[in-house]
Structures are given as structure tokens and as C-alpha cells.
Amino acid sequence: MHHYSMLDLSPVPEGADVASALANTIDLARHAENLGYHRFWLAEHHNMPGIASAATSVVIGQVAAATKTIRVGAGGIMLPNHAPLMVAEQFGTLATLFPDRIDLGLGRAPGTDMPTARALRRHMDSGDTFPQDVVELLQYLDDAPEGAKVRAVPGQGTHVPVWILGSSLFGAQLAAHLGLPYAFASHFAPAMLEQALATYRATFRPSKWLARPYAMVAAGVFAADTVDQAEFLRSSQILSFARLRSGKPGKLPHPVADVTAEVPAPVLAQVKQALSCSATGDRDTVRRQLAGIIERHRPDELIVTGMIHDAEARRKSFAIAAEVLDGLVTRDKAAE
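If you read the sequence shown in our numbering, its first letter stands for residue 1487, the second for the next number, and so on.
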């Protein structure tokens, strides 16, 4: 494994507002940079009271301005919600302002429910044009062909690194076909992780963007001084995910001592399966669990995330994770 990175969903906790959530995101990005994280990614979600990063490119710009060296990007932009040209212009602008620091991860899902997707897109197209849209976007970020009638300004020639995101075989196949890096959303949908990685690695075609496959795996992390404290912190995300699954999204809940008293057993079983690619506990437990994920899936990069209600506890959790992951990266490099 070469790097470890962080995905922040800019959570809005119960008892707080969007302004404080965005301020916490910027503070966390500075913290991540100081801790040695390689990337800090944000994700596009809409009509979700508990997530403040809907205008993802805007938040990326604020985070990049508040930091100096860490790569900042989208994990990801839901491309069906946008015209490829506009995405190229937005990320071309970011890359011009912050050279060699911007990443663009692209997703195929709407990042919301269907009524909101209709509000975003105005006209719903029944066809799946994601592969064509990705290729179009790549062309806008590449050097302009002679005689091009449409150019992204800014954007053309910025060569912003483009990633394909996914939780199924579709994204793996597309990333391999185009020769792009691939990030799997195993932090909330791990079921097809092994098959997707195998497909991506076996069918990868070298390209002008990437000579060999580069796979990122996502994992949840909830670290604290004790296992009980970490489990308590994780209860917020379990409750939030259960409410989302039940059609009742809201702000990130306060943690509770016993989630079984809050969530019906069948729903809790589904949620725990969805969030199973994770590490929860004290330093030793988190080290053992993250090492297990890395040894099993051999990612080139691990990106960690964790929806924790208290901002200071979240900072500490990511600090413990960085300490653990730095040791695992050093170990892997020594073994090469």
C-alpha cells in the first residue's frame, strides 16, 4: 500500500448547523494534512439534512485554500447530475488555482432520491450515458485537439486526475477499459469488493493516464482510547444509516450506549453488513482490523471515513488511524 487518505462527508450533527459542519470540515482538512493523509475527499449528496457537501466543488475550493500540500478532491461528483463541460470548467478552475492538488472522482449514482434527482436534472434521461460522459469530460481536461469547437476554459490542458468510483462491477469494468484509477465504496457497500477488484486488475488496459492498475479501497474507522468508547462513537453512524434505510434521513444522531434499543434487529443486521468494511476500537484493535483489510484486498491506497458526532472525538479518531496507517504503509514499503 502506497498511501492512506481521508473521506469526509461534512456531517451535520444533531444540535449543530451547516455552518459549523463546514467549519469542522475545513478544520479536519488541516488536521489531516498535519497527520500525513495523502488526500482529503468530499462527496456529493443532495437533500440530506446530515450532509453539508452538496456543492462539492465549492467546498473543495475552500478546503484547498485552507491547506497547503494535501491533495483535495471529489469522492465523488455524481456525473449524471451535471454536464461534463461544467464539471471540467469547475475542476479546471480548481486545478488552476491549486496546481497538482486536485482530484476528480466520478460516480454514476444520483447521490440522492429520485424526486431530488429530477429536481437536479430537470429532464430525466432513460439511457445510461455515463461512459460517454466520462470520455467527454476526459477530452475537456486533456490537451485540446486542433479545431475543437468546444473547450473548457479553464480546464483544457489541466489534466486533472480522473477516478472512477463504484460499488459494483460496472465501475470496475469502465475504469479498466479506460485505464483510469478505481475507488470502491466499500465503506457502505462492500458486497462486491473482491469481485470488482479482481475484474479491474485482470482487465485493466494501460492508458495515457495510468500505466498499471491503481485501486483504492474505502473503510470506516472509529478509534478511541478504549473499545467501548469507539463502539459508542460508531453508534451515531449506525443510527444515521438505519434511519436513511428506513426513509427517514436526518442530522447525524447523538451516540447511544445501546443501538439495539433504537434499531429493529432486521434493519440493524442489514446496516452492520453494509458497514462491515471498517475498524472500530482502541489502537491495537484498529491496527489489527485495518491490517486485515489491507492484507485481504491489497489496495494501492486506503481511504478512511467515520461519521462521528463530536468534532474533537472525530479528530482524535483520525489521528489514531493515521498513526496506525503510517506504520502499515512503512511496513509495506519495507517489504517491497
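Where is the CB? At the ideal position from N, CA and C, for every residue including glycine. For clarity, every value in this text was computed on a predicted model and none was experimentally measured.
- Secondary-structure assignment with DSSP links V1790 through a beta bridge to M1492 and A1705.
- For D1744, the three-state secondary structure derived from DSSP is coil.
- Pairing F1584 with A1697, the inter-Cα distance amounts to about 25 angstroms.
- If you ignore the 5 residues before and after A1705, its C-beta comes within less than 8 angstroms of the C-beta of S1672, H1673, C1763, S1764, A1765, L1776, I1779, L1788, I1789, V1790 and T1791, all in its own chain and listed in chain order.
- Under the three-state reduction of DSSP output, M1572 falls in the helix class.
- Counting only unbroken stretches of 4 or more residues, the alpha helix (DSSP H) elements lying wholly within the segment 1620–1684 are 1655–1664, in sequence order.
- In the three-state reduction of the DSSP assignment, V1810 falls in the helix class, which pools H, G and I.
- By a beta-carbon distance limit of 8 angstroms, I1546 does not contact L1592. Their separation comes to about 14 angstroms.
- In the DSSP secondary-structure assignment, D1589 is bridged to G1559.
- Its Cα nearest to that of K1554, the residue F1526 stands out among A1538, T1542, R1784 and F1526.
- Take F1616, set aside five residues on each side of it, and the residues of its chain with a beta-carbon closer than 7 angstroms to its own are L1565, P1566 and R1594, in chain order.
- For S1491 and I1512, the gap between their C-alpha atoms comes out near 15 angstroms.
- Closest in alpha carbon position to K1758, among T1746, R1769 and F1804, is T1746.
- Beta-bridge pairing by DSSP links L1528 to D1494 and A1560.
- For T1766, the enclosing beta strand (DSSP E) covers residues S1764 to G1767.
- Between T1542 and T1644, the gap from beta carbon to beta carbon reaches 9 angstroms or more.
- The straight-line gap separating the alpha-carbon atoms of G1559 and D1768 is approximately 29 angstroms.
- Residue pairing by DSSP puts I1537 in a beta bridge opposite P1497.
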